[in-house]
Amino acid sequence: MRTDAVVLSVAFGYLALLFVIAAWGDRRAEQGRSLIGSPTVYALSIAVYCTAWTFYGSVGRAAEHGPSFLLIYLGPTLAMLLSPFLIRKMVRIASVQRITSIADFISARYGKSSSLGALVALIALIGITPYITLQLKAITVSHAVLVNYPHAPELSLADEAFWVDKSFWVALVLAVFIILFGTRHLDASERHEGMVAAIAFESMIKLVAFISVGIFVVFVMFHGPGDLFAQVAASPELVGSLGLDAVPGGASGWIGMLVLAFLAFITLPRQFQVLVVENVDERHLKRASWLFPLYLLAINLFVIPIAMAGMLLSAGDPDSYVLTLPLSAGLEALPLLVFIGGLSAATSMVIVETIALSTMVSNQLIMPLLLRSRRLHLGSRGELAGWLLGIRRVAIVLILLLGYLYHALIGDSYSLVTIGLVSFAAASQFAPAMLIGMYWRGATRRGAALGLIAGTLIWAWTLLIPGFAQSGWVDDTFLTLGPFGLEWLRPYALFGLEDWDIYSHSLLWSLTANVGLLVGISLFTRQSPLEQTQAALFTEAMHPGLMETSLWHGQTTRGELRNLLDRYLGTGATARVFAGQGDSQVGNGYGNDQPAPPEMIARAEQALSGALGNASARVLINSVVRGEALDLESILSILDTTSETLEVNRRLEQKSEELARASEELRAANERLRELDRLKDEFVAMVSHELRTPLTSIRAFAEILRDSDDLPDEKRVHFLNVVVKESQRLSRLIEEILDLARLESGRLTLNPQHLDLVELTRHSVDAVHHMQENRGVALEVQIEVEQAPVVGDPDRLEQVIINLLDNAGKFADETSPKVLLRLGRYKNHYRLAVEDNGPGIVEEERERVFEKFHQIQRPGETPEKIRGRPRGSGLGLPISRGIVAHLGGRLWVEDAPALGGACLTMELPEAPES
Amino acid sequence: MKIPRLGERLVALVLLATLLFTPPLVQVFDRPADGLSWLPLYLFVAWGTVIALAAWLLEQRPGE
C-alpha cells in the first residue's frame, strides 16, 4: 500500500483539497458570509506557528535536549496572554494605517521610511528563507522515510535530478496556490480569506495526525503512560533525559529560549501576517489568547512520550520518530496520516510565509526602486495594477525557488531545529524597533536602522556563518580560534562569554547591540516632522477618536487623484475608494476639476498604502498633491494637546468636585444663617411682646391712680400691688433675657464648686413648697441617695430645680395636681426627675419645649382658657438647659413613669473625688 | 460592557505565568522521582493551569 503512487496521489489529493477549501472561503467572502469570522478560526490560523519543525522536530529536540522544546511554545503562550494589550494595539495600528507586513509596520512607524522598510524586508528574506527550506526538506525527508522503510532513507539530493525530488513539485503546487489565493487583488482591506480558511483547516489536520500517533504509541505500543515511563526509568541512559541538565545552557539557556520564542512569535513575518494583517475583528483576540495556547499544549502533549518510546525502541533518526514508530509496528494507514499531518504543517507555513515575504519584497524592495525610476514614473499610460500583481507573483516564485535551491545546496548538513532557531533569532531583531517604537515616542529612524543593522550583523556572525562553516562551506577553524587568531571574536564565545548555548549567546549580544543603539542613537538624533507624527499616531493608537482627524491639507483635483488610483489599483478598487464619497458622477468625468476634499486624499493614501506600502503611497500622493500636503504642525499640536487635555480635564474635574463640595457647604451655612436670622427676628418680636404686656398693665394702673383721686383706699392698694407685681415680673423677665443672652454668647459666669445635690434639692423644695401648697399642688419628694456630690453653681442649679418644679406645677392635672420629684443615681451620674400628672408632651413637641418663648398648646385648650392659668415666660426651660449643659449635664423630656404626665429629667455627672 | 479590573488581572496572570515558567521555580521541580525528573509533568500542569485561568478570566461576562 505504501507505494510511491499511493503516497503521491494522497499528497497531491490533499493539496487539491486545500484549493477547494480556499476557493470556497473566497466564494463565501464575496457573498459576505465569511468563513473566518470566528475567534476559533482565528486561533487555528495562528497555529501556523506549528510548522513541520514542530511536527517532526519537537520530538527530535525532546530526545536530544529534554524539555527545552517546550520553551518554544511557552514563549508564545506568554505573548498571547499579553495579546489584549500588545497585539490588540498592533492590530489597531495596522488597520488604521493599512499596514500589510512587519516591514511596512516598522517603516510606517519611523516616518514611512522606504529605506528602513527595505532593510527589514532584506533581513527577513535572508533570515526566513532557510526556514522555508526547512519545510521543503521536511517534506522530502518524510516522504523518503515513508517509502524506503525499513531501509534507511538514503538521501543524496545532489545525486538526484530535481524533478525526482517530490518537494520540488510540492513547492510548485504551492506557488500556484499562493498566486491564486494570495494575490487575487491588491486592495489589502480585502483579506486572504480563502487562504486563512485553508490554513485553519491544515491546523486541525496536523493536530489530529499528531495526537493519533501519540495515542497509538502510548496506548497501543505501550500499555499507557505508566508502562512507558516505568521502562524509561529502568533504562539508565534515558534517566537524565527529562531534567534540566539535558537543556543546553542550563538556566540561562532556558530563559534565553523563552525570550527568543516570545519575540519570534510576534515578529516572524508569517505570525505578523495571521495575527495582525489577517485579523478580521479585534475582539477575536480575546478567545484566541487562551485557545491558541491550548492548541499548543495539545499538540505538545505526546512529544515526550513519543521521544522516549523512540529512544527505547531505537527507531532511527529522532526527527522521524513520529513516522518510524508506527511504521515499525507494521501499520499502513497511520504513517500516511502522519505524513499528511507533516505535509499540512509544512505547506501552511510555506503558504503564509511566502505571502508575507512576497508582499515585503514587492512593496518594500521593488516598488520603491520602480517609483524612483524616472521612466516608469512618468509613463502615465499603462495600468500599473497589473504590474504590481505581476511583481508579487514573480516574487512568490522566486522566494520558493530560493528556498528550494537552498534546500538542494545545503542538503543534510543542518538538523531541522537548528535552522528554525536561527530564523527565530533573525526575526527577533525586529522586536526592539517594533515594540519600543510602539510605546516610546522618542525612538528615531536612525536609531532603529542602526540597531537593526548591528543586531543582524551580530546574528549573522554568531549563528548564520558558523552554521555555514559547520556545513563545510567555509573553513571552520575560526570557530575555535577566532578570525585572524582574535580569540575574543569567536562566534560562539563572543568577548569571551563561554558556556552559553549558542542561541541565548547570540540573542544576548545581538539584542543588547540592537536595543542599545536604538535607544542611544534615538536620544541624540532628531525626528523629522512626519516621523514625529507617525510616532505619536503609533504610541497613542489606543486613544479613542484620535484617528478621525484628517491629515491632508494639500490641494489636488479629483481627476488627478482618480487617475493616480486608476493607474496603481485598477478601476475596480478606485471605484470602491470613491464610492464612500457620495459622488458617483465623478466616473463620468463630472467634477474632475473640482478640488478633492482632505478626507478623499486621506482615503486615497490609505488605499495606496494597503496595496503598495506606506512609503510608496506617500511618494505617490506627494506627486499629485500641491502645497503643504500634510499639516504636520497641527497634527502634532492636536496629539500633544490630547494628552495634555486629558491631564487638564482630570484636574478640572477634581477642581469642580471641590467647588461643588464647597458650594454645598456654603449653601448649608447660608441656610443656617437665614434660620438664625429668622429666629433672631422672632426673638426680638417675642421679647417686645412679652415686655409690653406687663408694661401695658403697669401703665394702665398708674394712669388710673393718677387720674382718679376719688379711689377707695383698698382699691388703690390693690392697684399699687398689681403695679409692683407687674414690675417684678418685668424685671424677672429682663433678668431671664439677660441670662439667655449671656448663655448664648458664652459669657454666663458660673461658680462651679463641689456641692451636694441632695441638700440643694431639699433647699429648693422648701423654697417652692409654700407656693405649691397655695396652688393646691401635691408635691411628693423621693430622694434615693444619701449624698449626691456634683460640681455646679448652687444658685444656678437651684434656679433650674425651682423652674422645673414650677413648670410641673403649672402643667399638672387641673383638678388634683400632683408633682413628684425623684433624685437617684444612674451609673456615674445623678438624675433628678420631675414628673407631673398632666396630659404630657407629645413626642414631636419634646425638643421644642426648649426653644425660646415656646408655649405648650395643650390639647383641647383655647388661648382664652390659657389665660386662666399661670403663664411662664417661655424662657425658663431654654435657660435651664443652657445651665445644665454648661455644667456638663443633660436635660430632656420623657414620659412620666409614675404619674403619667411629662417628666423632665436633669442628669449631672458625679463629682470626682477630691 | 467592560469587566472591571480585567487588565490588572491579566497582567497579574502574565506575571504568574512568567514566574512559573522560569528558573528558579523550574529548578525546584527538577527533582528525580524514580530516577526521572518531575520537570515535564510540572510544566504541563502549570501550563494547563495558566490557560484555564486565562480562559476563566477572558470568558466571563460582565455582571456575572
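In the order they appear, the protein sequences are chains A and B.
By the numbering used here, the letter at position 387 of the first sequence is numbered 389, and the numbering carries on one by one without gaps.
By the numbering used here, the letter at position 11 of the second sequence is numbered 40, and the numbering carries on one by one without gaps.
Where a beta carbon is used, it is the ideal one built from N, C-alpha and C, also for glycine.
Please read these numbers as outputs of a predicted model, since none were measured by experiment.
Between residue i and residue j, is the Cβ-Cβ spacing less than 8 Å?
i, j, result
"residue 267 of chain A", "residue 451 of chain A", "no"
"residue 282 of chain A", "residue 193 of chain A", "yes"
"residue 347 of chain A", "residue 74 of chain A", "no"
"residue 302 of chain A", "residue 60 of chain A", "yes"
"residue 465 of chain A", "residue 424 of chain A", "yes"
"residue 802 of chain A", "residue 821 of chain A", "no"
"residue 527 of chain A", "residue 449 of chain A", "yes"
"residue 615 of chain A", "residue 109 of chain A", "yes"
"residue 271 of chain A", "residue 138 of chain A", "no"
"residue 597 of chain A", "residue 557 of chain A", "yes"
"residue 275 of chain A", "residue 354 of chain A", "yes"
"residue 134 of chain A", "residue 352 of chain A", "yes"
"residue 906 of chain A", "residue 831 of chain A", "no"
"residue 314 of chain A", "residue 89 of chain A", "no"
"residue 251 of chain A", "residue 503 of chain A", "yes"
Nearest CA to the CA of residue i: which residue from the options?
i, options, result
"residue 14 of chain A", "A/816, A/169, A/73", "A/169"
"residue 68 of chain B", "A/241, A/172, A/841, A/150", "A/241"
"residue 118 of chain A", "A/294, A/261, A/446", "A/446"
"residue 409 of chain A", "A/495, A/179, A/136, A/96", "A/136"
"residue 779 of chain A", "A/311, A/808, A/325", "A/808"
"residue 127 of chain A", "A/204, A/49, A/402", "A/402"
"residue 55 of chain B", "A/905, A/113, A/247, A/693", "A/247"
"residue 468 of chain A", "A/216, A/495, A/405, A/444", "A/495"
"residue 781 of chain A", "A/810, A/790, A/753, A/799", "A/810"
"residue 796 of chain A", "A/762, A/825, A/826", "A/762"
"residue 322 of chain A", "A/31, A/151, A/394", "A/151"
"residue 7 of chain A", "A/338, A/608, A/627", "A/338"
"residue 125 of chain A", "A/805, A/144, A/104, A/394", "A/104"
"residue 521 of chain A", "A/426, A/49, A/509, A/435", "A/435"
"residue 570 of chain A", "A/393, A/834, A/461", "A/393"
"residue 87 of chain A", "A/288, A/178, A/121", "A/288"
Could you tell me the boundaries of the alpha helix (DSSP H) in which residue i lies?
i, result
"residue 362 of chain A", "335-362"
"residue 828 of chain A", "It is not in any alpha helix (DSSP H) - residue 828 of chain A instead sits in the beta strand (DSSP E) that spans 820-828."
"residue 518 of chain A", "504-526"
"residue 265 of chain A", "252-269"
"residue 105 of chain A", "104-111"
"residue 206 of chain A", "195-217"
"residue 68 of chain B", "68-88"
Between which two residues does the beta strand (DSSP E) harbouring residue i extend?
i, result
"residue 894 of chain A", "892-897"
"residue 756 of chain A", "755-758"
"residue 817 of chain A", "Note, residue 817 of chain A: premise wrong, no beta strand (DSSP E); not H, not E."
"residue 311 of chain A", "It is not in any beta strand (DSSP E) - residue 311 of chain A instead sits in the alpha helix (DSSP H) that spans 305-315."
"residue 911 of chain A", "904-911"
"residue 833 of chain A", "831-838"
"residue 785 of chain A", "780-785"
Where residue i and residue j are concerned, what is the direct C-alpha to C-alpha distance, given to the nearest angstrom?
i, j, result
"residue 256 of chain A", "residue 84 of chain A", "20 Å"
"residue 758 of chain A", "residue 706 of chain A", "50 Å"
"residue 214 of chain A", "residue 566 of chain A", "55 Å"
"residue 740 of chain A", "residue 651 of chain A", "56 Å"
"residue 74 of chain B", "residue 432 of chain A", "32 Å"
"residue 329 of chain A", "residue 544 of chain A", "54 Å"
"residue 693 of chain A", "residue 703 of chain A", "16 Å"
"residue 365 of chain A", "residue 148 of chain A", "41 Å"
"residue 914 of chain A", "residue 718 of chain A", "56 Å"
"residue 622 of chain A", "residue 542 of chain A", "26 Å"
"residue 501 of chain A", "residue 33 of chain A", "59 Å"
"residue 439 of chain A", "residue 327 of chain A", "48 Å"
"residue 131 of chain A", "residue 405 of chain A", "6 Å"
"residue 67 of chain A", "residue 249 of chain A", "5 Å"
"residue 19 of chain A", "residue 12 of chain A", "10 Å"
"residue 728 of chain A", "residue 828 of chain A", "41 Å"
_Three or more C-beta pairs under 8 Å: does that hold for the segment 216-229 of chain A against the segment 30-43 of chain A?_
Contact fails: fewer than three Cβ-Cβ distances are below 8 Å.
*Would you be able to state if there are at least three C-beta pairs under 8 Å between the segment 45-53 of chain B and the segment 889-903 of chain A?*
Judged by Cβ distances under 8 Å, the segment 889-903 of chain A makes no contact with the segment 45-53 of chain B, as fewer than three pairs qualify.
_Measuring CB atoms only, is the segment 694-702 of chain A touching the segment 716-734 of chain A, in the sense that at least three cross pairs come out at less than 8 Å?_
Contact between the segment 694-702 of chain A and the segment 716-734 of chain A is present, because at least three Cβ pairs lie under 8 Å.
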